[in-house]
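Protein chains in written order, with our numbering: chain A, 1 to 490; chain B, 1001 to 1490. Notes follow once the structure below has been shown.
Protein chains: 2
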Amino acid sequence: MFESAELGHTLAKTAFERQLPRLRKGLIDAQFDLLQDAPASVVILIHGMDGAGKGDTINTLNSWMDARHILTIGIDGPTDEEQLHAHMWRFWRLLPPKGKGALFAGSWYGETLSPRKKGKARLERTLERILRFERMLAQEGVLVLKFWLHLSKAQQRARFKALERSKKTRWRVTKLDWKHHARYDAFHAQAEHVLRATDAPHAPWVVVDGNDARYRNFTVAKTILQAVTARLKQNTNSKTAEVLPPVAIAPTRDTALLDHLVLAQHLPRGEYDQELERYQGKLNQLSREAKFRNISVVAVMEGVDAAGKGGAIRRITAALDARIYRVVPTAAPTDEERAHPYLWRFWRHAPQCGQVVIFDRSWYGRVLVERVEGFASNAEWLRAYGEINDFEEELAEGGAIIAKYWLQIGHGEQLERFSAREKTGYKKYKITPDDWRNRAKWDDYQRAVCDMIDHTSTQLAPWVLVEAENKYYARIKILKDLCERIEGKL
Amino acid sequence: MFESAELGHTLAKTAFERQLPRLRKGLIDAQFDLLQDAPASVVILIHGMDGAGKGDTINTLNSWMDARHILTIGIDGPTDEEQLHAHMWRFWRLLPPKGKGALFAGSWYGETLSPRKKGKARLERTLERILRFERMLAQEGVLVLKFWLHLSKAQQRARFKALERSKKTRWRVTKLDWKHHARYDAFHAQAEHVLRATDAPHAPWVVVDGNDARYRNFTVAKTILQAVTARLKQNTNSKTAEVLPPVAIAPTRDTALLDHLVLAQHLPRGEYDQELERYQGKLNQLSREAKFRNISVVAVMEGVDAAGKGGAIRRITAALDARIYRVVPTAAPTDEERAHPYLWRFWRHAPQCGQVVIFDRSWYGRVLVERVEGFASNAEWLRAYGEINDFEEELAEGGAIIAKYWLQIGHGEQLERFSAREKTGYKKYKITPDDWRNRAKWDDYQRAVCDMIDHTSTQLAPWVLVEAENKYYARIKILKDLCERIEGKL
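If you want it as structure tokens, here you go:
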């Protein structure tokens, strides 16, 4: 969920200053249009890690927009009067009317974002209610946008240290901040749980890297502008719709997550042979342990065309007894599969305990090829993130290890591999017109991949990005990770 | 939630036999149309109290429909194979393909419907997941219908006794049944919680009185027919809709709940004066207690026009210090109110602790006048039930007593009162053309009232039906109930 936000995105000053005037004009125009047509009100929540710049973002948004039409609301402990009322009263009375907006620093999420040991039933009920509340808001014409400004543990530490170095900002870092920092992992896990449970197409969480102020503020503002613009358009087109379709928020995703990878790793043949023997042996031994019969493995192989999924799969299966594994290639659905809900065809192949199922491509097709090629509607692929997370959670609760690998090679490397395949007789069948078509949409696919990882990399089922230009390196990375995941669970 | 189902509905044999051929033909035709167009699959869950006739209903449905296209699925403890898979695997593999149906005796609700002391967090998470699962099904084109066959405690006891009297059926009543019967209240409360949490327009719970086999089976079958017919129509009209609107299920609601009332109760003037003094005194004393400052009262007065709401309200307020109560008349919303989500204008008047707020008409307008007059769309009033329940739950959790009174008079009595008002100079203003218009739609309103009570009478916020042809009786019943509710909470 937070992978992309922990990379340390930056926006150079020159680029920022070049793009800012247009963004600010867009924001003001959108505010004006919203006020004129008043089809909706806008509720923006700003949450995030300590030190991720929540206050700075709110101040900046206020300076970029017309503050008369967007109210900033700081949520602190309830006032005396608020305490005498039902919990939600204070939020209801702060809701903006149609045509206007509100910027919530803190919100009804309140305490849900703090890690806790007790009161888990209460937390779950609160999250349920929040879900229903936000759905109601959306159905009543409120555009709900929720931002999570993120910092990795190292970034947070660096940020606090930097603030402490200057006399002017030293006071901003409190003992409580450092106390929270020490419990960073618990906060991280709690945030992931809450964001997962309350992420919905009609009230999405947008996770933004909080490390660089220019990048953070620009991204938040641009996302707001995109969402409001989409909402304004929607209204003129579908005045009669009883149920509003969700706003498709495609934040200004860069592909930094993939661009960041050093694709050509080093691993010479000799070393590879040794490592391969080592990890295949290990995998075989793990799969024979008595405890292995109480768990199962769901391995998902996804990647750029020609990145070497097949080769990697064969290195896994070679280490396993044929009776305990299955490789499930994902092709076009059969008629029977088409007559069932989307995930049915993958549930069919869910492993029982003691088994390994390797999916050669998978349910992620919906948010990759089906999204990019338009086979799935916006509503369909947008809700697929949540459905996929639910699916994987069910499998994990049933004892499965969910191991997901994305094999990445560069645009140039792909061309070389395509050409090589076309020249080699027995590999020719591996190149189809589809491959060339996908290649032509490289950038769209790469963006879809980054969105996918942002939405579906969870603690239970994390994505592993595999630098795959060196096949040896890729195979070993996958085998090693798989062994570690299984070992951790046994 | 179960009020209407506990009345002991019956369907006379003659009426049943007269209507059955048409119903059966309708079911078979609908099955055929469903198979031809295959726009959806149908998943029907049958749950209910022990002894409420789940098995009989399923057998009957099977005999009335073409069993080749509707599979009956009994859910017992998981098989060995199922136990080796993730929990939901067994339900996924049983989902019918488009064009077909499945009748689940037992389902993914499984253990959630048994009362429990431990594992509440787990229960809430399970309910959350069920909600998401059923939403996904609906979005993937599955029509989900959930029936709760109900019996009151006395009905259940009578049923078990009757079974035990005959040698042929004696074996059907087990020790476990009687053990459950002893814990009836806990099962009742658990069922209400689960049904409330998982009732949604796209996967509604339909509560059916299980006491009379003919009524029960006929009602379930008719509801299925209506829902499938509505779904088939929907599909031809809105092929392009990305989000399917919810199916408006209006089960064959009779108005038995209201018809059952003995409207003309007896209470002579002399007795009334005594009782009035007694309960007004009591109410005043309760409102002065120190603990009263920790709670609040939300009283809702709804009723047929001219049923005497105003008079009843005045008898309450006369007993209270003017500083602690407010009467909020509900008129057409202001511009400002219209610019906010529907419930905003009622949240504004939510009481703080120590206060009494009496709503003269209320948020129930949405499911009464707005529904009947078409001011609210189907989608709007259907989702209002859940929103209202959430609203009242929030208030109750904040310390409020929610006391809701429905004042009922007969059709003839209303006419007399209207005429009397028109003849009395100072009461003339009380009769408007709206009143006559509403009167013309008497039956529609009565049905809407019964639906409202079925969906929104909960343990936290029960409806009290007030027989109001004798005003004295009505006022005392309300005052007495209010005193008891407050006393119970202090």
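Every residue gets a Cβ at the ideal spot worked out from N, C-alpha and C, and that includes glycine. Predicted model only: the values in this text are computed from it and were never measured.
Pair within 8 Å by beta-carbon distance, residue i and residue j
| i | j | result |
| --- | --- | --- |
| residue 1316/B | residue 1465/B | no |
| residue 357/A | residue 326/A | yes |
| residue 17/A | residue 1136/B | no |
| residue 281/A | residue 52/A | no |
| residue 156/A | residue 258/A | no |
| residue 41/A | residue 100/A | yes |
| residue 375/A | residue 362/A | no |
| residue 203/A | residue 144/A | yes |
Identity of the residue in the options nearest residue i by Cα
| i | options | result |
| --- | --- | --- |
| residue 365/A | 445/A, 296/A, 428/A | 445/A |
| residue 306/A | 470/A, 194/A, 453/A | 470/A |
| residue 1230/B | 1261/B, 1081/B, 1027/B | 1027/B |
| residue 1432/B | 1418/B, 1425/B, 1372/B | 1418/B |
| residue 1459/B | 1397/B, 1468/B, 1125/B | 1397/B |
| residue 1219/B | 1326/B, 1449/B, 1357/B, 1023/B | 1023/B |
| residue 1440/B | 1275/B, 1369/B, 1203/B | 1369/B |
| residue 1332/B | 1360/B, 1268/B, 1490/B | 1360/B |
| residue 56/A | 119/A, 212/A, 12/A, 11/A | 212/A |
| residue 37/A | 97/A, 438/A, 191/A | 97/A |
| residue 1188/B | 1139/B, 1152/B, 1197/B | 1152/B |
| residue 1479/B | 1434/B, 1490/B, 1275/B | 1275/B |
| residue 1228/B | 1154/B, 1284/B, 1273/B, 1141/B | 1141/B |
| residue 291/A | 128/A, 349/A, 392/A, 487/A | 487/A |
| residue 105/A | 84/A, 124/A, 77/A, 429/A | 77/A |
| residue 491/A | 1425/B, 1117/B, 1429/B, 1354/B | Summary: the structure shown does not reach residue 491/A, with chain A confined to residues 1 through 490, and so no result is reported for it. |
Cutoff 8 Å; reference residue i; Cβ partners in own chain excluding five residues on either side
| i | result |
| --- | --- |
| residue 1239/B | Legend: pLDDT at residue 1239/B = 42, less than 50; position of this residue unreliable, no value from coordinates given. |
| residue 443/A | 255 |
Cβ of residue i within 8 Å of any chain B Cβ
| i | result |
| --- | --- |
| residue 193/A | no |
| residue 398/A | yes |
| residue 364/A | no |
| residue 356/A | no |
| residue 92/A | yes |
| residue 136/A | yes |
| residue 85/A | yes |
| residue 344/A | yes |
| residue 242/A | Model confidence at residue 242/A stands at a pLDDT of 47, short of 50, so the residue's coordinates are unreliable; what they give is reported in the following sentence. Yes - at least one Cβ of chain B is within 8 Å of the one on residue 242/A. |
| residue 450/A | no |
| residue 40/A | no |
| residue 88/A | yes |
| residue 277/A | no |
Chain A contact for residue i (CB, 8 Å cutoff)
| i | result |
| --- | --- |
| residue 1390/B | yes |
| residue 1228/B | no |
| residue 1455/B | no |
| residue 1097/B | yes |
| residue 1109/B | no |
| residue 1341/B | yes |
| residue 1288/B | no |
| residue 1069/B | no |
| residue 1121/B | yes |
| residue 1064/B | no |
| residue 1395/B | yes |
| residue 1417/B | no |
| residue 1239/B | Interpretation of residue 1239/B is limited by its pLDDT of 42, a score under 50 that renders its predicted location unreliable; no figure is taken from the coordinates. |
Cβ neighbour criterion (16 or more within 10 Å) applied to residue i
| i | result |
| --- | --- |
| residue 266/A | exposed |
| residue 205/A | buried |
| residue 1411/B | exposed |
| residue 382/A | buried |
| residue 5/A | buried |
| residue 1124/B | buried |
| residue 13/A | exposed |
Residues of its chain near residue i, where Cβ-Cβ distance is below 6 Å and the 5 sequence neighbours each way are ignored
| i | result |
| --- | --- |
| residue 91/A | 108 |
| residue 1170/B | 1164 |
| residue 485/A | 401, 403 |
| residue 1146/B | 1045, 1205 |
Contacting residues, own chain, Cβ-Cβ under 7 Å from residue i (five flanking each side not counted)
| i | result |
| --- | --- |
| residue 216/A | 53, 57, 149, 208, 209, 210 |
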